[in-house]
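Everything on this sheet refers to the single structure shown next.
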Amino acid sequence: MMQEKEIVFLNGEFLHKDQAKISIFDRGFIFGDGIYEVVPVVFSKMVDREEFWQRFERSLGAIKLSLPYKKEEFEDILKDLIAKNSLKEGGIYMQITRGVASREFSFVKNLKPTIMTFAFECSVLKSEFEEGVSVISVPDLRWKRRDIKSISLLAQCYAKEQAVEAGAFEAFMIEDGKVNEASSASAFIIKDQALITKPFSNAILPGIRRLNILKFAKELGLKIEQRAFSMQEVYEADEVFISAATLLLLSVVKADGKLINGGKVGKYVPKLRAKYIEKITKEALAQ
1 MMQEKEIVFL
11 NGEFLHKDQA
21 KISIFDRGFI
31 FGDGIYEVVP
41 VVFSKMVDRE
51 EFWQRFERSL
61 GAIKLSLPYK
71 KEEFEDILKD
81 LIAKNSLKEG
91 GIYMQITRGV
101 ASREFSFVKN
111 LKPTIMTFAF
121 ECSVLKSEFE
131 EGVSVISVPD
141 LRWKRRDIKS
151 ISLLAQCYAK
161 EQAVEAGAFE
171 AFMIEDGKVN
181 EASSASAFII
191 KDQALITKPF
201 SNAILPGIRR
211 LNILKFAKEL
221 GLKIEQRAFS
231 MQEVYEADEV
241 FISAATLLLL
251 SVVKADGKLI
261 NGGKVGKYVP
271 KLRAKYIEKI
281 TKEALAQ
């Protein structure tokens, strides 16, 4: 369970969360005109930092926004936020919008962007879902630039709500008969010693954990197939899992009410998760 911490950063200031105020005319509030990122924190250190930064800059560039800080300056702000909140394990959420302006659909030029970050506490290294989770399949109703980590998340919220109403943990989002990704995570299956996941395109968010997962899978002797897969393949898979910032990797043991691998966690996902934990632990302790 995520628990937000008390001190936030907003437009150059560290404030108590109750004192942080944003204009009702902010384009993030009116249009969802902005991007966000989440960075995991373990042992009071940010991990997957370079991968996060690359995606962060990519999303900013895609919507013609720029960060008014150098990389090192912004990282120092995030480190200060961790320290001020005495955060040991959890994550940092950051959001940048185009700023405050009269309601105009086109991008208003020369605005001062609104920059907000907050810290939250949750378990990263130890999962509360070690026995696996369930998913349902839903239509993918999002726009066509899902590679941008946009704050416009209504379609994902709708999909997640459908999952919750069905008693499931996540929703696999389906387009043209194939799985794109989950509402808030990347999706993978393992079948006949092959790890299968959809290749990068505008149809999915470039998951930060993905490249390391593919590397670890090869180390475990798995073949890699970067292609789309169907829900029928999910039902018949040896293992299914999702990955996200603070969840790392979670086994999926039921999809649309059908048991996967007899409803039990398989042998590879725990090994992949262990390798990922080893990777981020080393990264944190080296800082």
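Residue numbers 1 to 287, in UniProt numbering, belong to the letters of the sequence shown in order. Cβ coordinates follow ideal geometry from the N, Cα and C atoms, glycine included.
Put simply, the backbone Cα of Ile77 is about 30 Å away from that of Ser102. For Ala187, the uninterrupted beta strand (DSSP E) run begins and ends at 186-191, by DSSP. Taking 4 residues as the shortest admissible run, the segment 16-44 contains the following complete alpha helix (DSSP H) segments, listed from N- to C-terminal end: 27-31. For Glu181, the enclosing beta strand (DSSP E) begins and ends at 178-182. In this structure, the straight-line span from the alpha carbon of Gly266 to that of Lys112 is close to 50 Å. Take Met46, set aside five residues on each side of it, and the residues of its chain with a beta-carbon closer than 6 Å to its own are Val39, in chain order. Secondary structure at Gln3: strand, using DSSP grouped into helix, strand and coil. With contacts defined as CB atoms closer than 7 Å, Asp147 and Asn85 fail to qualify as a contacting pair.
Note on Gly91: 16 or more other CB atoms within 10 angstroms of its CB, so buried under the neighbour-count rule.
When DSSP reads this structure, Leu248 sits in a beta bridge with Ala244. A distance below 8 Å between beta-carbons, with the five flanking residues on each side excluded, links Gln162 to the following residues of its chain, in chain order: Ile136, Val138, Ala171. Here Val164 is exposed. Its C-beta has fewer than 16 other C-beta atoms within 10 Å.
In this structure the segment 231-241 lies against the segment 186-195, because at least three pairs of beta carbons, one per stretch, are closer than 8 Å. Between the segment 112-126 and the segment 7-23, the count of Cβ pairs shorter than 8 Å is three or higher; the stretches touch. Under DSSP, the beta-bridge partners assigned to Gly90 are Val41, Glu121. By the CB criterion at 7 Å, Gly263 and Val252 fall outside the cutoff. For Lys223, the CB contacts under 8 Å within the same chain, skipping 5 residues up- and downstream, are Gln193, Ala194, Leu195 in chain order. Separation of Met1 and Cys122 (C-alpha to C-alpha, rounded to the nearest whole angstrom) is 6 Å. No residue range can be given for Ile204, since it is assigned to no alpha helix (DSSP H) and is classified by DSSP as neither H nor E.
Under the Cβ criterion (8 Å, minimum of three pairs), the segment 147-158 counts as touching the segment 29-37. Note that the C-beta distance between Lys258 and Tyr235 is below 7 Å. The segment 124-172 contains, as complete alpha helix (DSSP H) runs of 4+ residues, the segments 154-165 (chain order).
Per the DSSP secondary-structure output, Leu272 pairs with nothing in a beta bridge.
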